[in-house]
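Report on the structure given below.
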Amino acid sequence: MVIISLDLQSESPIYIQLRNKIIEGIASKQLRPGDPLPSVRTFAQDLGVNMHTVNKAYQLLKQDGFIQIHRQKGVVINPDGMPSVDGNYLANVRENLRPVISESVCRGMNKEELMKLIQEVYEEIQKGGEHDDLH
């Protein structure tokens, strides 16, 4: 199982952090289709968070097609593959990038620096997230 560290002091809700860490684990191939995830109760205990927090993250992941939840098998990374890119997803990415790009411009970052940073992060994830909190 992937070790996930959460920032309890972050402004980002814990369930969103957990969702994002699991997606990053899938993207970096540390979690693969069919891999099991801990039960809500076990994961909550391991992370030291409320069960409802883990359940909320799992529900978002299920809704987006990243995991399946079975009564018998438990929670698994979707063995049928990952969700595809569609218009809604692209609109969401654009909406989330806008404030990051805007702040980068305000701070004096040029397009080349921003593109280089995006490429570096992309490559880190492709290499297995070695520059990340996933171990």
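So that you can map any letter, position 86 of the sequence shown is 206 in the numbering used here, and since no number is skipped, the others follow by simple counting. Ideal Cβ placement from N, Cα and C applies to all residues, glycine included.
For H190, write down the residues that DSSP places opposite it in a beta bridge.
-> Partner(s): G194.
Report buried or exposed for G154, applying the criterion of at least 16 other Cβ atoms within 10 angstroms of its Cβ.
-> Exposed, because fewer than 16 other Cβ atoms sit within 10 Å of the Cβ of G154.
Helix or strand or just coil, what does DSSP make of P156?
-> Looking at P156 - three-state DSSP - the assignment turns out to be strand.
Meets three-Cβ-pair contact criterion under 8 Å: the segment 220-235 and the segment 174-191 = No contact exists between the segment 220-235 and the segment 174-191.
Expected contact under 8 Å - CB spacing of L128 and L138 to nearest Å = Actually they are not in contact, since the Cβ atoms of L128 and L138 sit about 12 Å apart, beyond 8 Å.
For L254, count neighbouring C-beta atoms within 10 Å of its own C-beta (all shown protein chains included) and say buried if the count is 16 or more, exposed if not.
-> Confidence is the limiting factor: at L254 the pLDDT is only 44, short of 50, which leaves the residue's position unreliable and the question unanswerable from this model.
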